[in-house]
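Colleague: Residue numbers (the UniProt record's numbering): 1 to 83. In this text, a Cβ means the ideal position worked out from N, Cα and C, and glycines have one as well. So that we are looking at the same thing, I have put the structure below in structure tokens.
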């Protein structure tokens with residue numbers, strides 16, 4: 001179980017970092033990036049499941065998490081008028 005959590009954190013960190021570079025603007029810090037990345041992974045995974053898109057591997061997971069994090073960041077900025 002601990003190994004899975006480490007992967008979630010690692011993928012979340014990478015996805016959050018990539019989202020910060022893609023979306024530009026203020027960062028959320030390391031913890032914020034991890035949280036955005038993990039939530040993005042959950043959202044991205046749900047969207048991939050909803051649209052019946054499958055895949056596997058670390059690269060696919062990072063891409064899905066990043067896309068989810070981009071959507072979350074966009075929605076957050078839309079709601080808070082920060083973008």
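Nearest by alpha-carbon distance to residue 17: which of 56, 36, 43 is it?
Modeller: Here the closest residue by C-alpha is 36.
Colleague: Assign residue 57 to one of three DSSP states: helix, strand, or coil.
Modeller: Note: residue 57 maps to coil in three-state DSSP.
Colleague: Would you decide whether residue 49 is buried or exposed? Buried here means 16 or more other CB atoms lie within 10 Å of its CB.
Modeller: Per the 10 Å Cβ criterion, exposed.
Colleague: Spatial neighbours of residue 73 within its chain, please: CB distance less than 7 Å, with the 5 preceding and 5 following residues excluded, ordered by chain position.
Modeller: Taken in chain order, the residues that qualify are 19, 23, 36.
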